[in-house]
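Asker: Letter 123 of the sequence shown, counting from 1, is numbered 123 in the UniProt record's numbering, and no numbers are missing.
Positions of the beta carbon are idealized from the N, C-alpha and C atoms, including for glycine.
Input: one structure, supplied below.
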Amino acid sequence: MTTLEIKDLHAEIITPEGERKQILNGVNLTVRSGETHAIMGPNGSGKSTLSYVIAGHPKYTVTQGTITLDGENVLDMSVDERARAGLFLAMQYPVEVPGVSMSNFLRTAATAIRGEAPKLRTWVKEVKESMKELDIDSAFADRSVNEGFSGGEKKRHEVLQLGLLKPKIAILDETDSGLDVDALRIVSEGVNRYKEREEGGVLLITHYTRILRYIKPDFVHVFVNGKIVAEGGSELAEELDANGYERFTSATAGA
Ligand code: ADP
Ligand code: MG
Ligand code: MG
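Now the structure itself:
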């Protein structure tokens, strides 16, 4: 049983003009093993900032509040330590790593997280099976990480990592963007397999409700102006689908 606990989180970014801009304005959120939380909110509300801050992106400064994983101070950990502790962030725009094959990249990541290199033979088998489940062409294992990958291929690669690295808590930012219906279904099935196999906790960040047809959230949080302004069950996602965010954005305007 793992608990990620975010309390009163405030964070800011230094803009290209050198000004401090506060983006997170007091986020409170608890994600436990086996739970799926959806964070939904309009563009620019700070959803990606929240995921970057949890992952330890150096561009952001936490000015107030705490993030803990089973009581351990996440904000004290380096990016690598966060991964070893069991946090996983699938990026909205996954990075390209030229010259590093996907299979080497995955094995290096697994080694860092597990503390020892997975046995080569079982690893190759594990990767092959996972790729098959996600309908990824086997030739992909030899291609450089994300180089020349289509949007859908990058997303499949993220979910491949999720299945192989087996984090305790997975943060998926806009995993649905750029996916056609078939890819969306395959990627969603991968996330659901991870939930079942690893009993992982999932924080799914999105502004579309369509992925929530495939990945059922236990909790839905509405994110506006850098904080959570409403919470509910999956019925809240349906309401947002029908009515949009206006009811929530007008209530916080000027706040
Ligand atoms: P979301 O993921 O909800 O669309 P983001 O976290 O990407 O929101 O952005 C939140 C806010 O922070 C936006 O107003 C955005 O313009 C601003 N922001 C993000 N990055 C920077 C940056 N490097 N400099 C200035 N403002 C930024
Ligand atoms: Mg955005
Ligand atoms: Mg975003």
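What do you reckon, are the CB atoms on Val191 and Val202 nearer than 9 Å?
Answerer: It is a contact, given that the beta carbons lie within the stated cut-off.
Asker: Going by the C-beta, is Ile228 closer than 8 Å to any heavy atom of ligand 1?
Answerer: No, ligand 1 has no heavy atom inside 8 Å of this Cβ.
Asker: Do you know how far the Cα of Ser48 is from the Cα of Glu23?
Answerer: In the sequence on display, residue 23 carries Ile and not Glu. Distance between the alpha carbons of Ile23 and Ser48: 10 Å.
Asker: Buried or exposed, going by whether 16 or more other CB atoms sit within 10 Å of the CB of Val98?
Answerer: As written in the sequence, residue 98 is Pro, which differs from the Val given in the question. Exposed is the call here.
Asker: Just the C-alpha distance for Arg114 and Ser250, rounded to the nearest angstrom, thanks.
Answerer: Approximately 47 Å between the Cα atoms of the pair.
Asker: Kindly examine ligand 3 and report whether one of its heavy atoms sits closer than 8 Å to the Cβ of Ile113.
Answerer: Checking every heavy atom of ligand 3 against the Cβ of Ile113, none is found closer than 8 Å.
Asker: Pull up the distance between the alpha-carbon of Gly178 and that of Thr61, whole angstroms please.
Answerer: Their backbone Cα atoms lie some 30 Å apart in a straight line.
Asker: If we count Cβ pairs, one from each stretch, closer than 8 Å, do we get three or more for the region 129-145 versus the region 8-21?
Answerer: In short, these stretches do not touch, since the Cβ pair count stays below three.
Asker: Cα separation between Leu240 and Gly233?
Answerer: Distance between the alpha carbons of Leu240 and Gly233: 12 Å.
Asker: Consult DSSP for Gln92 and reduce its assignment to one of helix, strand or coil.
Answerer: Any reading at Gln92 needs caution, since the residue's pLDDT is 46, under 50, leaving its predicted position unreliable; the model's value is listed next. Here Gln92 sits in coil by DSSP.
Asker: Is Glu126 helix, strand or coil when you go by DSSP?
Answerer: It is helical.
Asker: Could you compute how far the alpha carbon of Thr63 sits from the alpha carbon of Leu9?
Answerer: Taking the straight line from one Cα to the other gives about 8 Å.
Asker: Does DSSP classify Tyr208 as helix, strand or coil?
Answerer: Coil at Tyr208, not helix or strand.
Asker: What's the gap between the Cα of Ile228 and the Cα of Arg121?
Answerer: Straight-line Cα distance between these residues: approximately 46 Å.
Asker: Can at least three beta-carbon pairs, one atom from the region 123-131 and one from the region 180-188, be found at a separation below 8 Å?
Answerer: No, because fewer than three Cβ pairs between the region 123-131 and the region 180-188 fall closer than 8 Å, the two stretches do not touch.
Asker: What would DSSP say about Met102, mapped onto helix, strand or coil?
Answerer: In the structure shown, Met102 sits in a helix (DSSP, three-state: H, G or I).
Asker: Once DSSP output is grouped into helix, strand and coil, what is the label at Asp70?
Answerer: Asp70 falls in the coil class under three-state DSSP.
Asker: Less than 9 Å separating the beta-carbons of Leu69 and Leu4?
Answerer: Their beta carbons are under 9 Å apart, which means Leu69 touches Leu4 by this criterion.
Asker: Quick check on Lys119: buried or exposed, where buried means 16 or more other Cβ atoms within 10 Å of its Cβ?
Answerer: Lys119 comes out exposed.
Asker: Is there contact between the region 84-91 and the region 157-176, where contact requires at least three CB pairs shorter than 8 Å?
Answerer: Verdict: yes, contact present.
Asker: Just to check my reading of the structure: Leu164 and Leu106 have Cβ atoms closer than 8 Å, yes? What is that Cβ distance to the nearest angstrom?
Answerer: Contact flag correct, Cβ pair sits at about 6 Å.
Asker: May I ask you to check if the CB of Phe140 is nearer than 8 Å to at least one heavy atom of ligand 1?
Answerer: Result no, Cβ not under 8 Å from ligand 1.
Asker: Is any heavy atom of ligand 3 found at a distance shorter than 8 Å from the C-beta of Glu158?
Answerer: Outside the cutoff, so no.
Asker: Going along the chain, which residues of its own chain have a beta-carbon closer than 7 Å to the beta-carbon of Asn25, five neighbours each way excluded?
Answerer: Contacts found: His10, Asn225, Gly226 and Lys227.
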